[in-house]
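Novice:
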Amino acid sequence: MPWRVSPSERDAGHRPDPFRVWLSEVMLQQTTVAAATGHFLRFLARWPDVHALARAPREAVLAEWAGLGYYARARNLHACANVVSRDLDGRFPETEKELRALPGIGAYTAAAIAAIAFDRPATVVDGNVERVMARLFAEAAPLPGVKPQLRAHAERLTPQSRAGDYAQAVMDLGATICTPRNPACGLCPWRTPCAARASGTQLDLPARAPKPAKPVRRGVAYVAHDPRGRVLTVTRPDDGLLGGMRALPSSDWTEAGGSAPPLAIDWRPVGEVRHTFTHFHLVLKVMAAKARALPADCGEAMAPDAALRAMPSVFAKALRLALEDLQRTGSD
DNA sequence: AATACGTGGCT
DNA sequence: TAGCCAAGTAT
Numbered sequence: 001m002p003w004r005v006s007p008s009e010r011d012a013g014h015r016p017d018p019f020r021v022w023l024s025e026v027m028l029q030q031t032t033v034a035a036a037t038g039h040f041l042r043f044l045a046r047w048p049d050v051h052a053l054a055r056a057p058r059e060a061v062l063a064e065w066a067g068l069g070y071y072a073r074a075r076n077l078h079a080c081a082n083v084v085s086r087d088l089d090g091r092f093p094e095t096e097k098e099l100r101a102l103p104g105i106g107a108y109t110a111a112a113i114a115a116i117a118f119d120r121p122a123t124v125v126d127g128n129v130e131r132v133m134a135r136l137f138a139e140a141a142p143l144p145g146v147k148p149q150l151r152a153h154a155e156r157l158t159p160q161s162r163a164g165d166y167a168q169a170v171m172d173l174g175a176t177i178c179t180p181r182n183p184a185c186g187l188c189p190w191r192t193p194c195a196a197r198a199s200g201t202q203l204d205l206p207a208r209a210p211k212p213a214k215p216v217r218r219g220v221a222y223v224a225h226d227p228r229g230r231v232l233t234v235t236r237p238d239d240g241l242l243g244g245m246r247a248l249p250s251s252d253w254t255e256a257g258g259s260a261p262p263l264a265i266d267w268r269p270v271g272e273v274r275h276t277f278t279h280f281h282l283v284l285k286v287m288a289a290k291a292r293a294l295p296a297d298c299g300e301a302m303a304p305d306a307a308l309r310a311m312p313s314v315f316a317k318a319l320r321l322a323l324e325d326l327q328r329t330g331s332d
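With the first letter of the first sequence counted as 1, position 5 gets the number 5 in the UniProt record's numbering; the numbers rise by one all the way through.
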């Protein structure tokens with residue numbers, strides 16, 4: 001993992017760069033290592049320190065975040081970079097309390113930065129740690145109610161020295177050995193004290209409250225292209241789903257779906273995109289049309305490849321569908 | 001306290 | 001393959 005400092009680097013006296021620790025931890029919120037790595041490397045190449053990131057236009061940061069999801073993270077990332085760059089002379093605070101006060105940094109991320117970047121004895125509790133603690137101590141009560149007990153176990157086990165290494169080790173244990181589905185208990189360094197293994201309940205832990213079913217919502221996205229092949233894009237309002245992101249013009253997404261198109265031109269249907277969000281399924285109808293011009297008052301014209309890169313996945317899917325249709329039909 | 005907020009990988 | 005799930009935060 002490119003954000004880690006190797007043992008040899010550590011022996012040479014290097015500490016992890018707080019900027020990189022922060023950037024990686026925000027990207028890893030509810031996100032797998034595999035999904036975050038490419039974005040991390042591109043961010044670091046483009047903005048190597050907190051001042052560079054703070055100077056960047058917000059739309060550039062949001063566009064670079066496209067595809068990673070949970071876009072409030074990108075909005076808060078840029079806001080946090082500005083606070084650290086402008087108000088804190090580019091230095092991240094070292095205590096959990098001060099870190100916690102920055103935009104986009106909650107209990108987990110504050111503890112992770114304090115422990116990993118600053119070697120503070122902070123207790124890091126993420127989903128992995130909760131699972132490991134639930135099994136190690138056979139806590140059968142369901143999440144989220146059992147969180148305080150799991151945190152108490154984690155706090156008791158946190159060492160005073162090298163808490164960052166310890167935290168990463170427990171998270172690695174959860175990610176590779178104490179996994180949700182097929183835990184490799186035979187390889188686990190904690191197999192002997194593990195209460196769940198002793199009682200054979202590891203697959204049932206941690207227990208969770210059942211999740212509510214996802215409703216289906218419907219909507220329409222519009223791809224208007226001008227004679228030069230540019231497409232009409234909009235910026236979504238800051239609040240709510242995909243807030244602040246570049247997008248295709250679209251209807252509201254409701255149980256019923258449908259609305260007026262952004263331009264009065266000759267729209268034709270090109271297909272449907274299905275996409276599942278955290279709390280609903282979306283069936284998005286895609287309409288396309290050629291326009292003589294794309295008026296500035298209804299959005300911004302963009303080259304298709306730039307638009308694809310800057311948009312959340314659901315809109316990239318819709319735009320790809322329309323572009324394929326355009327090629328197939330050989331439409332001028 | 002409960003809900004809103006994305007996506008892609010894995011099974 | 002349809003569903004489950006991940007190194008959470010804000011409100």
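Note that beta-carbon positions come from the ideal geometry of N, C-alpha and C, so glycine has one too.
In angstroms with no decimal places, state the Cα-to-Cα distance between D172 and R162.
Specialist: The count along the first sequence starts at 1 and reaches residue 172 at position 172. The count along the first sequence starts at 1 and reaches residue 162 at position 162. Approximately 15 Å between the Cα atoms of the pair.
Novice: For my contact list, L62 and T31 are in at a C-beta cut-off of 8 Å; report their separation, rounded to the angstrom.
Specialist: On the first sequence, position 62 is the one that residue 62 refers to. On the first sequence, position 31 is the one that residue 31 refers to. Wrong, their Cβ atoms sit about 16 Å apart, outside the cutoff.
Novice: Cβ atoms of L241 and V223: under 8 Å apart, would you say?
Specialist: Residue 223 sits at position 223 when you count from the first residue of the first sequence. Residue 241 sits at position 241 when you count from the first residue of the first sequence. It is not a contact, given that the beta carbons lie outside the stated cut-off.
Novice: Any contact of the region 80-99 with the region 142-157, i.e. 3+ C-beta pairs under 8 Å?
Specialist: Not touching, per the Cβ criterion.
Novice: DSSP has G127 in a bridge; who is on the other side?
Specialist: If you number the first sequence from 1, residue 127 lands on position 127. According to DSSP, which records beta bridges pairwise, G127 is partnered with nothing at all.
Novice: Should the region 35-46 be regarded as contacting the region 287-294, the criterion being three or more beta carbon pairs within less than 8 Å?
Specialist: Result no; under three Cβ-Cβ pairs closer than 8 Å.
Novice: So, with DSSP's three-state summary, where would you put S8?
Specialist: In the first sequence, counting from the first residue as 1, residue 8 sits at position 8. It is helical.
Novice: Within the region 37-89, note down every full alpha helix (DSSP H) run reaching 4 residues or more, in order along the chain.
Specialist: DSSP runs (the alpha helix (DSSP H)) wholly in the region 37-89: 50-55, 58-65 and 72-87.
Novice: So T123 and A154 are supposed to be a Cβ contact under 8 Å. How far apart are they, rounded?
Specialist: Start at 1 with the first residue of the first sequence, and residue 123 comes out as number 123. Start at 1 with the first residue of the first sequence, and residue 154 comes out as number 154. Confirmed, Cβ separation roughly 5 Å.
Novice: Within 10 Å of its beta-carbon, does D126 have 16 or more other beta-carbons around it, so buried, or fewer, so exposed?
Specialist: The residue given as residue 126 occupies position 126 in the first sequence. The residue is buried, with at least 16 neighbouring Cβ atoms inside 10 Å.
Novice: Compute the beta-carbon to beta-carbon distance between R135 and A196, rounded to the nearest angstrom, for a pair I have assumed lies under 8 Å.
Specialist: For the purposes of this step, residue 135 is taken as the residue at position 135 of the first sequence. For the purposes of this step, residue 196 is taken as the residue at position 196 of the first sequence. Rounded, the Cβ-Cβ distance is 4 Å, consistent with contact.
Novice: Could you tell me the distance, in whole angstroms, from the CA atom of D332 to the CA atom of P227?
Specialist: Within the first sequence, the letter at position 332 stands for residue 332. Within the first sequence, the letter at position 227 stands for residue 227. At D332 the pLDDT is 48, less than 50, meaning the model places this residue with poor confidence; the figure from the coordinates comes in the next sentence. Straight-line Cα distance between these residues: approximately 8 Å.
Novice: Using the C-alpha atoms, what's the distance from A52 back to R46?
Specialist: The residue labelled residue 46 in the question sits at position 46 within the first sequence. The residue labelled residue 52 in the question sits at position 52 within the first sequence. Roughly 8 Å separates the two Cα atoms.
Novice: What is the DSSP secondary structure of M311, reduced to helix, strand or coil?
Specialist: Translated into the one-based positions of the first sequence, residue 311 becomes position 311. If DSSP states are grouped into helix, strand and coil, M311 belongs with coil.
Novice: If you count every other CB in all the chains shown that lies within 10 Å of the CB of Q160, and 16 or more means buried, which is it?
Specialist: As a first step, residue 160 is located in the first sequence; it is residue number 160 there, counting from the start. Result: exposed.
Novice: Our contact map puts I116 next to C80 with C-beta atoms below 8 Å; I'd like the distance itself, whole angstroms only.
Specialist: As a working mapping, residue 116 is identified with position 116 in the first sequence. As a working mapping, residue 80 is identified with position 80 in the first sequence. Not confirmed; about 17 Å, so no contact.
Novice: Quick check on DSSP: helix, strand or coil for T176?
Specialist: Start at 1 with the first residue of the first sequence, and residue 176 comes out as number 176. Here T176 sits in helix by DSSP.
Novice: May I ask you to list the residues that DSSP assigns as paired with R218?
Specialist: Numbered from its first residue, the first sequence carries residue 218 at position 218. Answer is T254 and V283, bridged to R218.
Novice: Please list the terminal residues of the continuous beta strand (DSSP E) segment that includes V273.
Specialist: Within the first sequence, numbered from 1, the residue matching residue 273 stands at position 273. Note, V273: beta strand (DSSP E), R268 to T276.
Novice: Might you give, ordered along the chain, the residues of its own chain that have their beta carbon closer than 6 Å to the beta carbon of V129, omitting 5 neighbours on each side?
Specialist: Residue 129 sits at position 129 when you count from the first residue of the first sequence. A154 and V170.
Novice: Checking the sheet assignment: what are the DSSP bridge partners for K290?
Specialist: Position 290 of the first sequence, counted from the start, is the residue given in the question as residue 290. Partner(s): H225.
Novice: Consult DSSP for R320 and reduce its assignment to one of helix, strand or coil.
Specialist: Here residue 320 refers to the residue found at position 320 when the first sequence is read from its first residue. R320 falls in the helix class under three-state DSSP.
Novice: Considering only the beta carbon of each residue, do R100 and A110 sit closer than 8 Å?
Specialist: The sequence position of residue 100 within the first sequence is 100, counting from 1. The sequence position of residue 110 within the first sequence is 110, counting from 1. Yes, they are a contact pair.
Novice: Grab me the residues of P180's own chain with a C-beta within less than 8 Å of its C-beta, minus the 5 sequence neighbours each way, in chain order.
Specialist: Here residue 180 is taken as the residue at index 180 of the first sequence, counted from 1. R131, listed in sequence order.
Novice: Going by DSSP, which residues form a beta bridge with E139?
Specialist: Translated into positions along the first sequence, residue 139 becomes position 139. Paired residue(s): none; E139 is not in a bridge.
Novice: Taking DSSP as the reference, what is the three-state secondary structure of V146?
Specialist: Numbered from its first residue, the first sequence carries residue 146 at position 146. V146 falls in the coil class under three-state DSSP.
Novice: Which of the three DSSP states is assigned to L232 in this structure?
Specialist: Stepping through the first sequence from its first residue, residue 232 is reached at position 232. Here L232 sits in strand by DSSP.
Novice: On a CA-only basis, which of A316, A301 and L321 is nearest G229? Give me that one, please.
Specialist: Sequence index remark: in the first sequence, residue 229 carries index 229 (1-based). Considering only alpha carbons, the answer is A301.
Novice: Report back the beta-carbon spacing between P16 and V5 to the nearest angstrom; my notes put them in contact at under 8 Å.
Specialist: For the purposes of this step, residue 16 is taken as residue 16 along the first sequence, with counting starting at 1. For the purposes of this step, residue 5 is taken as residue 5 along the first sequence, with counting starting at 1. Between V5 and P16 the Cβ distance is about 5 Å, and since that is below 8 Å, they are a contact.
Novice: With which residues is E300 paired in a DSSP beta bridge?
Specialist: In the first sequence, the residue the question calls residue 300 occupies position 300. Answer by DSSP bridge pairing, in chain order: T233.
Novice: Between which two residues does the alpha helix (DSSP H) containing L187 stretch?
Specialist: Numbered from its first residue, the first sequence carries residue 187 at position 187. Premise fails: L187 is in no alpha helix (DSSP H) and is neither H nor E.
Novice: In whole angstroms, give me the CA-to-CA distance for V220 and P295.
Specialist: Locating residue 220 in the first sequence gives position 220, counting from the first residue. Locating residue 295 in the first sequence gives position 295, counting from the first residue. Going by the C-alpha atoms only, they are around 20 Å apart.
Novice: Return helix, strand or coil for R246, following the three-state DSSP convention.
Specialist: As a working mapping, residue 246 is identified with position 246 in the first sequence. R246: strand per DSSP, three-state reduction.
Novice: Alpha carbon to alpha carbon, how far is S8 from D204? Give it in angstroms, no decimals.
Specialist: Locating residue 204 in the first sequence gives position 204, counting from the first residue. Locating residue 8 in the first sequence gives position 8, counting from the first residue. Roughly 40 Å between the two C-alpha positions.
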